[in-house]
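To start, the structure itself, in structure tokens.
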Amino acid sequence: MNLKIDLQDFYFNPEQPGTVTELPNAVDPLYDGKKAYRKLLAEYKDEIKDLQNMMFAHDRYSMLLIFQGMDTAGKGGAIRHVMSGISAAGVQVSAFKRPSSLELDHDWMWRSTTRLPERGRIGIFDRSYYEEVLVVKVHPSILHDVQRIPQEHTRTEASVWESRYGDIRNFEDFLHRNGTQVVKFFINISKDEQKKRLLDRIDRPEKNWKMSLSDVKERGHWDAYMQAYQDLLAATSRPQAPWYVIPGNDKKNARLIISQIVLHHLRGFEMHYPQPTDEFRQKLLGVRKALENS
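Adding 67 to a residue's 1-based position in the sequence shown gives its number in my numbering.
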């Protein structure tokens, strides 16, 4: 059963007027109670699992799902709830945190490119190379003090970001031409909702481990992050590598919308299960006979 929603409502079209701060972080519930939500999500997960199995057998396509959002946006929960039904052999999740010393000794795309999904698989990035035009843009001293980019390439910050947007567009075009569908989700929550979730992490002992002072410090740069998201969405959202802005204040709503978008793109693949040849069928008959006589 499909939700009665238009997925284009969530696609970020850079040619249309409007800013990230004007986009909704909440919409009317798409489900009628917890029971209906669980039923819908289970149906979507089953179809995602079946289509991924076919993609694995077809062995031509792969999919890269990128999840971005402010702290507490619900990226991990969305990944866990939407993709939990897929075979472990068919999905791989990478969470990108502060770069290691090894990663910093390479170019800024290196750690992402080493974790791209193979054909037949779904790769999931919890944060991604987009951090390089988010965190680094909000804290540009990282370019010089941490990433150690040569000075001649960072004389004007504006040129750094434009170059990185161009690198990302070219990279995603390259992936698309090689059979990897890139689908990107910005889970959009309000500043008030983030405050509520951060306080919940403090009040609930089992969530204390998620909390750090850096979360609160980064919250102080909220407006700068919103501008950085606005810039990257406008520069890198295209039909072949779309950005979807997901209203994230209601986690259940967000998961249902994300499920529908993943299904939409999986259904768009021209794929099928391999058809066995007559020769192979004869071999299988021989195997069957051997099994019956064993």
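All residues carry an ideal CB built from backbone N, CA and C; glycine is no exception.
- Here M150 is not near F336, since their CB atoms are 8 Å or more apart.
- Taking every protein chain shown into account, the CB of G100 has fewer than 16 other CB atoms within 10 angstroms, so this residue is exposed.
- In this structure, G315 and G141 form a Cβ contact; the two beta carbons are roughly 6 Å apart against a cut-off of 8 Å.
- Secondary structure of M176 (DSSP, three-state): coil.
- Rounded to whole angstroms, the gap between the alpha carbons of V249 and G353 is 43 Å.
- A Cβ-Cβ distance of about 5 Å is found for the pair F79 and L300, placing them in contact under the 8 Å criterion.
- Taking the CA atoms as reference points, E114 sits about 10 Å from R334.
- DSSP places G190 inside the beta strand (DSSP E), whose first and last residues are 189-193.
- Counting only the Cα atoms, P343 lies some 52 Å from Y292.
- With respect to the C-alpha of R127, the residue from T247, A156, S361, A93 having the closest C-alpha is T247.
- In this structure, P91 lies away from N320, with their beta-carbon atoms at least 8 Å apart.
- Leaving aside the five residues that flank I133 on each side, the residues in its chain whose CB is nearer than 6 Å to its CB run, in chain order, F192, S195, K251.
- Looking only at I324, Y311, V329, the smallest Cα-Cα distance to V87 is reached by Y311.
- Within its own chain, the residues whose Cβ lies closer than 8 Å to the Cβ of I269, once the five positions on either side in sequence are excluded, are N275, M278, listed in chain order.
- Pairwise C-beta distances place the region 220-228 out of contact with the region 161-180, as fewer than three of them are shorter than 8 Å.
- Selection L323, D240, G187 evaluated against L108 yields L323 as nearest (Cα-Cα).
- Within the model, the alpha-carbon separation for D76 versus V94 is close to 11 Å.
- Within the same chain, Cβ atoms closer than 8 Å to the Cβ of N120 are found at S154, G157, the five residues on either side in sequence being excluded.
- Sixteen is the threshold: since fewer than 16 other Cβ atoms of the shown chains lie within 10 Å of the Cβ of R348, the residue is exposed.
- Separation of Y98 and K106 (C-alpha to C-alpha, rounded to the nearest whole angstrom) is 10 Å.
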